[in-house]
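Inspection log for the structure reproduced underneath, given as structure tokens.
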Amino acid sequence: MSVCWHDSAAAQLGKSNLTKKFYCLCFKATQCTFNLPSVLTTVVDGDDHGGNFLLRPGTALPASSTELLADMQSQLPHLSAQQLLSALRKLAALNCDITFDDPIFQSFCGTYAKRARGLHTHQLVEATRALARLRAPADSLPVAITLQLLRCQLDQLDVRQIMRLDNFVRLFNDIGGHSHLVDALQEALPLAFNMRLPLEFDPDDPHFLGKTLLYACGRAQHPVCIKQLVNALLEYENTLNAHVAADIIVALCDVNCTEKMYPERAQLLRICGDRLAQSLPNLMYGQVARVAGALGPRLRNSHVEYYHEELIDAIGLYATTCEKLWQALKLAQVTWAARYIHCTLATHLKELTEREGEAALNSLWPSNLLVLIECLADAHTVVHTDLLKQLATATLSGRPGDWIRLNVGLSALGHCDDTLLRRALSPQALEHAGVGERAYALAQWEQAALGGGGDRPREECTPLILTELARELGGEDLVARDVRLLNGVVAVSNIISNADGVVCVAEGQILVIESKKHEELNPPAGALLVCVLVLPDEWYSRNGRQARAGARLMEKLTRSAGHATLVVTPEKWASMGPRERGPLLARALRDLCADNGMPLLL
Numbered sequence: 229m230s231v232c233w234h235d236s237a238a239a240q241l242g243k244s245n246l247t248k249k250f251y252c253l254c255f256k257a258t259q260c261t262f263n264l265p266s267v268l269t270t271v272v273d274g275d276d277h278g279g280n281f282l283l284r285p286g287t288a289l290p291a292s293s294t295e296l297l298a299d300m301q302s303q304l305p306h307l308s309a310q311q312l313l314s315a316l317r318k319l320a321a322l323n324c325d326i327t328f329d330d331p332i333f334q335s336f337c338g339t340y341a342k343r344a345r346g347l348h349t350h351q352l353v354e355a356t357r358a359l360a361r362l363r364a365p366a367d368s369l370p371v372a373i374t375l376q377l378l379r380c381q382l383d384q385l386d387v388r389q390i391m392r393l394d395n396f397v398r399l400f401n402d403i404g405g406h407s408h409l410v411d412a413l414q415e416a417l418p419l420a421f422n423m424r425l426p427l428e429f430d431p432d433d434p435h436f437l438g439k440t441l442l443y444a445c446g447r448a449q450h451p452v453c454i455k456q457l458v459n460a461l462l463e464y465e466n467t468l469n470a471h472v473a474a475d476i477i478v479a480l481c482d483v484n485c486t487e488k489m490y491p492e493r494a495q496l497l498r499i500c501g502d503r504l505a506q507s508l509p510n511l512m513y514g515q516v517a518r519v520a521g522a523l524g525p526r527l528r529n530s531h532v533e534y535y536h537e538e539l540i541d542a543i544g545l546y547a548t549t550c551e552k553l554w555q556a557l558k559l560a561q562v563t564w565a566a567r568y569i570h571c572t573l574a575t576h577l578k579e580l581t582e583r584e585g586e587a588a589l590n591s592l593w594p595s596n597l598l599v600l601i602e603c604l605a606d607a608h609t610v611v612h613t614d615l616l617k618q619l620a621t622a623t624l625s626g627r628p629g630d631w632i633r634l635n636v637g638l639s640a641l642g643h644c645d646d647t648l649l650r651r652a653l654s655p656q657a658l659e660h661a662g663v664g665e666r667a668y669a670l671a672q673w674e675q676a677a678l679g680g681g682g683d684r685p686r687e688e689c690t691p692l693i694l695t696e697l698a699r700e701l702g703g704e705d706l707v708a709r710d711v712r713l714l715n716g717v718v719a720v721s722n723i724i725s726n727a728d729g730v731v732c733v734a735e736g737q738i739l740v741i742e743s744k745k746h747e748e749l750n751p752p753a754g755a756l757l758v759c760v761l762v763l764p765d766e767w768y769s770r771n772g773r774q775a776r777a778g779a780r781l782m783e784k785l786t787r788s789a790g791h792a793t794l795v796v797t798p799e800k801w802a803s804m805g806p807r808e809r810g811p812l813l814a815r816a817l818r819d820l821c822a823d824n825g826m827p828l829l830l
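Listed below in structure tokens is the structure:
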């Protein structure tokens with residue numbers, strides 16, 4: 229079966245590959261076969277006999293689907309296609325679970341199959357919506373009939389209908405049953421959208437542009453269409469409302485928005501972030517949660533173009549208005565993923581946890597439990613002993629990949645437990661702690677806390693730091709490799725020593741091979757041991773460069789071993805000029821010694 233297109237569309241599209249691919253998909257859909265009753269072999273055009281139909285406007289809605297089907301059973305032969313659609317929509321409005329092997333409903337489906345071709349295109353879209361709400365299987369009779377008719381009328385769908393229909397068709401994937409027609413339509417509809425959009429583009433409706441961009445980025449993903457929509461939305465820089473801005477941010481989270489490759493997308497993202505940060509209190513919780521759910525994965529994967537400090541702070545403040553712990557944690561995912569320490573939100577989370585009790589903790593998703601503990605730990609929240617015990621008990625149901633980080637968070641909050649420590653150091657936990665994860669090696673003296681982990685610093689600054697320190701302290705021959713502290717777990721990569729002191733440079737590695745023991749160093753009498761920690765940027769918050777739980781515990785670990793601690797971040801090191809680095813390190817060491825071992829952050 230061929231598909232007829234409007235002449236104007238065909239003239240503009242020509243014989244493009246996009247058009248050819250669309251025709252192939254439509255032809256593929258025509259090859260789909262369905263095991264349908266014989267009623268389909270002789271499709272009769274149903275006439276509207278105008279019977280006394282019980283579902284006319286103003287008639288009270290029956291209380292159940294059984295009652296509704298019984299009411300119209302005797303009138304089925306006289307119902308028109310439009311009346312059958314009305315019945316289908318009313319069945320969906322009852323939110324009932326239809327039993328598809330029910331004889332009365334089978335009779336209804338047979339009548340609908342005979343007369344469905346009397347429905348217009350927009351009515352077929354509504355029928356698809358009703359069937360999806362009824363959770364009709366994709367291979368059922370009414371779904372097959374409706375989608376076959378829509379397949380024949382794809383050229384009559386406008387952009388809005390394409391977007392709605394695609395949303396409805398995709399619902400059948402979660403319902404059950406398999407249909408090749410559903411698969412083909414899911415491929416064909418985005419292509420139809422890409423071809424129809426240039427013909428129906430309306431730059432004067434920002435709300436339509438926002439919804440269209442949402443579909444273009446999420447489903448169609450055609451660069452030309454996305455660019456056209458982004459450029460049109462940039463014209464509304466000063467007039468975008470919060471609802472449209474939310475749609476745009478969610479849409480742009482599905483595509484690449486790096487400044488270098490797509491400056492227009494990055495600019496629109498910043499504009500919408502500014503607008504939404506100002507208007508967030510005016511939105512419903514569901515809209516804010518949708519934005520948070522889109523931003524979270526991007527921020528967690530270190531896509532800095534999505535980091536908008538004012539917007540993230542506004543989402544954190546919005547979360548403080550939530551009265552349920554799970555609701556607040558759903559929004560806190562953003563501040564956690566962005567490494568944004570929000571003390572007000574942390575206090576609110578603690579209060580909600582205390583109010584809802586242990587039952588609420590045990591019902592949390594493992595990911596939300598990790599967010600809760602790390603948010604409390606990063607913000608230096610003071611948590612009483614009973615709540616710490618409840619948190620520790622809840623972590624027993626956590627995922628093995630989170631065991632190490634959960635134990636680090638609890639240790640930072642002041643709770644140490646041998647059982648949790650052994651579990652965090654178990655092969656099962658280490659197996660799930662891959663290179664991309666923050667794998668902390670745990671052990672320690674007072675709080676059984678951590679080693680190091682995470683990705684290596686973005687700039688390999690440690691060798692340069694060693695060189696500068698060696699120059700200031702007396703020479704390259706004073707460098708020793710692979711030294712570990714007394715507890716035998718935390719690795720220290722390098723040692724620099726001279727007559728005035730011993731300097732340890734730690735790089736937070738987990739595995740130690742052929743390491744030299746700390747007690748073998750034999751520092752000079754009266755020397756001050758200084759541990760220089762080179763920790764990745766991920767160990768610090770983006771707002772204010774505050775030390776997070778892991779960094780604080782590493783500092784505490786080295787201090788408890790008797791060392792003064794000097795922390796160097798790759799970001800700060802990169803900001804210093806080559807000639808500044810050596811003198812600044814030497815001055816920091818002198819100040820550190822003068823302060824009798826107090827930590828000093830460069």
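Numbered per our numbering, the sequence shown spans residues 229 to 830. Backbone N, C-alpha and C fix where the C-beta goes; we use that ideal spot for every residue, glycine too.
If you draw a straight line from the Cα of residue 490 to the Cα of residue 484, it is about 7 Å long.
Within the same chain, Cβ atoms closer than 8 Å to the Cβ of residue 354 are found at 313 and 317, the five residues on either side in sequence being excluded. Taking a cut-off of 8 Å for Cβ pairs, the stretch 567 to 583 and the stretch 762 to 777 touch, as three or more such pairs fall below it.
Residue burial is scored here from C-beta neighbours: residue 438 has at least 16 other C-beta atoms within 10 angstroms and is therefore classed as buried.
Here the stretch 587 to 594 makes contact with the stretch 553 to 565; the two share three or more CB pairs at distances below 8 Å. Residue 793 carries a strand assignment under DSSP once its states are collapsed to helix, strand and coil. Residue 641 sits close to residue 605, with the two beta carbons spaced by under 8 Å. With fewer than 16 other Cβ atoms inside 10 Å of its own Cβ, residue 386 counts as exposed.
Inter-segment contact for the stretch 303 to 311 and the stretch 359 to 368 is absent: fewer than three beta-carbon pairs are separated by less than 8 Å.
If you draw a 10 Å sphere on the C-beta of residue 512, you find fewer than 16 other C-beta atoms in it, and that means exposed. One thing to note: residue 777 has its Cβ within 8 Å of the Cβ of residue 637. DSSP, read as helix, strand or coil, puts residue 762 in strand.
Residue 501 is classed as buried because its beta carbon has at least 16 other beta carbons within 10 Å across all chains shown.
Rounded to whole angstroms, the separation of the alpha carbons of residue 346 and residue 302 is 21 Å.
Residue environment: residue 298 is assigned as exposed (fewer than 16 neighbouring CB atoms within 10 Å of its CB, all protein chains considered).
With contacts defined by Cβ atoms closer than 8 Å, residue 370 and residue 340 form a contacting pair. Taking the C-beta atoms as reference points, residue 453 is found nearer than 8 Å to residue 425.
Residue range 537 to 547 is occupied by the alpha helix (DSSP H) that includes residue 541. In the DSSP assignment, residue 340 falls within the alpha helix (DSSP H) that extends over 331 to 343. Residue 418 counts as buried, since at least 16 other C-beta atoms from the protein chains shown sit within 10 angstroms of its C-beta.
Straight-line spacing of the CA atoms in residue 455 and residue 396 works out to 26 Å.
Cβ-Cβ separation between residue 820 and residue 781: approximately 20 Å, too far for a contact (criterion under 8 Å).
Using a C-beta cut-off of 8 Å, the stretch 593 to 603 makes contact with the stretch 612 to 625, since at least three inter-stretch Cβ pairs fall below that distance. Annotated three-state conformation of residue 566 is coil, per DSSP.
Taking the Cβ atoms as the reference, residue 442 lies roughly 5 Å from residue 475, within the contact range of under 8 Å. By the criterion of a C-beta distance shorter than 6 Å, residue 584 is surrounded in its chain by 553, once the five residues flanking it on both sides are discounted. Taking residue 635 as the centre and dropping the five residues before and after it, the same chain places the C-beta of 648, 649, 652 and 670 closer than 7 Å to its C-beta, in chain order.
Per DSSP, reduced to three states, the secondary structure at residue 443 is helical. With a cutoff of 8 Å on beta-carbon distance, residue 416 and residue 393 are scored as not near each other. Around the CB of residue 593, fewer than 16 other CB atoms lie within 10 Å, so the residue is classed as exposed. At the C-beta level, residue 478 and residue 518 come within 8 Å of one another. Secondary structure at residue 768: strand, using DSSP grouped into helix, strand and coil. Scanning 498, 351, 482 and 614 for the CA closest to the CA of residue 581 turns up 614. Between residue 533 and residue 559, the C-beta gap is not smaller than 8 Å, which leaves the two residues out of contact.
By the CB criterion at 8 Å, residue 574 and residue 539 fall outside the cutoff.
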